[in-house]
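Following: one structure in structure tokens, then a few remarks.
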Amino acid sequence: MPSRSPQPETPKGLIVGIALGAIIVLIAIIIFFIYYRRKKRKEALSSKGISSKPNQLPVLGPVSHETPSTSGSLGSEKPSPGILRLSQGVFSYEELAMATNGFSNTNLVGEGGFGYVHKGVFRDGKVVAIKQLKAESRQGEREFQAEIEIVSRIHHRHLVSLVGYCVTGAQRMLVYEFIPNNTLEFHLHGKERPTMNWSTRMKIAVGSAKGLAYLHEDCQPKIIHRDVKAANILLDDSFEAKVADFGLAKHSLDTDTHVSTRVMGTFGYMAPEYASSGKLTEKSDVFSFGVVLLELITGRRPINRTQSFLDDSIVDWARPLLKQALKEGTYDALVDPKLQGDYDSSEMTRMISCAAACICPSAGLRPQMSQVIP
Ligand SMILES: *[C@@H]1O[C@H](CO)[C@@H](O)[C@H](O)[C@H]1NC(C)=O
Ligand SMILES: *[C@@H]1O[C@H](CO)[C@@H](O)[C@H](O)[C@H]1NC(C)=O
Ligand SMILES: *[C@@H]1O[C@H](CO)[C@@H](O)[C@H](O)[C@H]1NC(C)=O
Numbered sequence: 001m002p003s004r005s006p007q008p009e010t011p012k013g014l015i016v017g018i019a020l021g022a023i024i025v026l027i028a029i030i031i032f033f034i035y036y037r038r039k040k041r042k043e044a045l046s047s048k049g050i051s052s053k054p055n056q057l058p059v060l061g062p063v064s065h066e067t068p069s070t071s072g073s074l075g076s077e078k079p080s081p082g083i084l085r086l087s088q089g090v091f092s093y094e095e096l097a098m099a100t101n102g103f104s105n106t107n108l109v110g111e112g113g114f115g116y117v118h119k120g121v122f123r124d125g126k127v128v129a130i131k132q133l134k135a136e137s138r139q140g141e142r143e144f145q146a147e148i149e150i151v152s153r154i155h156h157r158h159l160v161s162l163v164g165y166c167v168t169g170a171q172r173m174l175v176y177e178f179i180p181n182n183t184l185e186f187h188l189h190g191k192e193r194p195t196m197n198w199s200t201r202m203k204i205a206v207g208s209a210k211g212l213a214y215l216h217e218d219c220q221p222k223i224i225h226r227d228v229k230a231a232n233i234l235l236d237d238s239f240e241a242k243v244a245d246f247g248l249a250k251h252s253l254d255t256d257t258h259v260s261t262r263v264m265g266t267f268g269y270m271a272p273e274y275a276s277s278g279k280l281t282e283k284s285d286v287f288s289f290g291v292v293l294l295e296l297i298t299g300r301r302p303i304n305r306t307q308s309f310l311d312d313s314i315v316d317w318a319r320p321l322l323k324q325a326l327k328e329g330t331y332d333a334l335v336d337p338k339l340q341g342d343y344d345s346s347e348m349t350r351m352i353s354c355a356a357a358c359i360c361p362s363a364g365l366r367p368q369m370s371q372v373i374p
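No gaps in the numbering here: position 18 of the sequence shown is 18 in the UniProt record's numbering, and each next residue is one more.
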């Protein structure tokens, strides 16, 4: 059939044209705004990185073999609100049971006041650590999920990622990426472990400081760990530190102990103001980090029951020795004898002054985590 007169089609084409044009302009505006906001945010982040550089406070690094921090990729690591990856992270009990051979003893990799940790392998080969929370939490499920949502968005080279969770009845389980080489506590204090050399100790100190600095200063809302300790610093294949167990600390409270206060750090690591009044700031994490540094320096445990009662805490024992070491430049009384003097003395000086600053009794005088790292 031959086409009819073209007249009625012209206005129709015009309308379609105008509509298309309007849509294209609208899309361009939206793209521009998204781009502009990203750029703004990136600028804010990088300027923050520069302005928060330490001045006269003690700094752990520079560490020769350390790649220049994660700050280059900060923008992409920033947890972005709005993207809920959570739906992928909800596991059924059956899935987790299958991955762990029915939570068998051979898969058991950890046990504590909080409950059990099993190693699990999914069908696709992904290896995870599954933490069963022992007692049912006093928190409602919605609050639990809200916290999980925040934590599962946090990804950083020196933090253990939360992959997902599972709720069946009163039972709650958390699924984490698997970190293969146990904890700092195991390698430093475990029976018959080979001595950890100085460069490894230094690398672990810097890595965990970076992880904590990210929690304190780059997360929205900021996260106070509350339980920084050698047993919560996991080590990967190349002995890089990965800080574990942050953000969900409330759930790992061992309800069997009937602790009535909300204070829940670990004895030997707790900042004095937190232990006495429950006052919690990121500076209490800084104190606990200082105790970890003392462990790395001295090879001693935070509490030594074989010592006299007054000296049993590493902090009280080390304070006068730190002062003396910094004044006289002699470290023998303080440093782990197992190192047999094999350490870089300028690195040792830096770690000692960092430790001294971090365990300062007055919270206000302790450095921020970002001031500790190079
Ligand atoms: C320290 O130990 C690590 C891991 O065991 C090893 O890779 C490294 O070469 C050691 N460094 C020195 C200086 O011995
Ligand atoms: C770290 O873990 C890997 C894998 O489990 C293992 O092959 C390696 O020997 C471990 N390294 C150390 C120093 O324990
Ligand atoms: C505990 O203290 C004693 C006495 O000072 C010391 O010899 C020992 O090395 C310490 N042990 C630990 C694990 O810190």
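Glycine is no exception: its CB is placed at the ideal position from the N, C-alpha and C atoms.
Assigned exposure category for residue i - 16 Cβ within 10 Å defines buried
i: residue 382; result: In the structure displayed, the chain extends from 1 to 374; residue 382 sits before or after that span and is not available.
i: P302; result: buried
i: E282; result: buried
i: residue 405; result: The structure shown does not extend to residue 405, since the chain is modelled only from 1 through 374, so no value can be given for it.
i: K338; result: exposed
i: T255; result: Caution applies to T255, whose pLDDT of 37 falls short of 50 and renders its modelled position unreliable; the value that the coordinates give is listed next. With fewer than 16 other Cβ atoms within 10 Å, it is exposed.
i: R350; result: buried
i: Q371; result: buried
i: G207; result: buried
i: D285; result: buried
i: N232; result: buried
i: K203; result: buried
i: D245; result: buried
i: L26; result: exposed
i: A28; result: exposed
i: V24; result: Note that residue 24 is Ile in the sequence shown here, rather than Val. Burial call: exposed.
i: G341; result: exposed
i: T330; result: exposed
i: R153; result: buried
i: residue 395; result: No answer is possible for residue 395: the residues shown for the chain start at 1 and end at 374.
i: G17; result: exposed
i: A22; result: exposed
Contact set for residue i: own chain, Cβ-Cβ below 8 Å, skip 5 residues either direction
i: N101; result: N107
i: A146; result: none
i: T298; result: I314, A318, L334, V335 and D336
i: V90; result: G164, Y165 and C166
i: W198; result: L339, D342, Y343, D344, E347 and M348
Close-in-space but distant-in-sequence residues of the same chain around residue i (CB under 7 Å, 5 per side omitted)
i: M196; result: H187 and L188
i: G190; result: none
i: I15; result: none
i: R305; result: D312
i: F287; result: A271, C358, I359 and R366
i: D237; result: P180 and N181
i: E185; result: A230 and A231
Contacts around residue i, its chain only, beta-carbon distance under 6 Å, and the 5 residues preceding and following it disregarded
i: C360; result: R366
i: A19; result: none
i: V291; result: Y269 and P302
i: Q132; result: G115, Y116 and M173
i: A99; result: G120, V121 and F122
i: A363; result: E273 and K283
Of the listed residues the options, nearest to residue i (C-alpha basis)
i: L280; options: K222, A241 and I297; result: K222
i: K229; options: Q220, H216, C219 and A209; result: A209
i: K327; options: K203, A356, I297 and K119; result: A356
i: H118; options: K323, G329, I179 and D285; result: I179
i: A275; options: Y116, D227 and F239; result: D227
i: E217; options: L14, A28, E185 and I373; result: I373
i: C166; options: H155, L26, E149 and L159; result: E149
i: V243; options: R123, D124 and H156; result: H156
i: N181; options: S345, G21 and V109; result: V109
i: E177; options: D332, I130 and G329; result: I130
i: L235; options: V160, D336, T330 and S345; result: V160
i: L212; options: F289, F103 and W198; result: F289
i: T168; options: A241, L96, R319 and I224; result: L96
i: S92; options: E295, T183 and G164; result: G164
i: H225; options: S238, L293, F239 and L248; result: L248
i: Y343; options: T200, L322, Q368 and R300; result: T200
i: L296; options: Q324, S104, Q220 and E347; result: E347
i: Y214; options: R193, G17 and Q368; result: Q368
i: Q220; options: H158, T183, V151 and L184; result: V151
i: K126; options: I352, W198, V175 and C354; result: V175
Give the list of continuous alpha helix (DSSP H) stretches no shorter than 4 residues that lie fully inside the region 114–158. 141–151
Strictly closer than 7 Å from CB to any heavy atom of ligand 1: give me those residues in the order they appear in the chain. Ordered along the chain, the selected set is N197, S199, T200 and F239.
To test your reading of the DSSP string, which unbroken alpha helix (DSSP H) runs of 4 or more residues are found completely within the region 156–236? List check, alpha helix (DSSP H) in window: 184–189 and 198–217.
Give, in chain order, every unbroken run of the beta strand (DSSP E) that is at least 3 residues long and sits entirely within the region 274–313. none
Continuous beta strand (DSSP E) assignments of at least 3 residues falling wholly in the region 314–357: none
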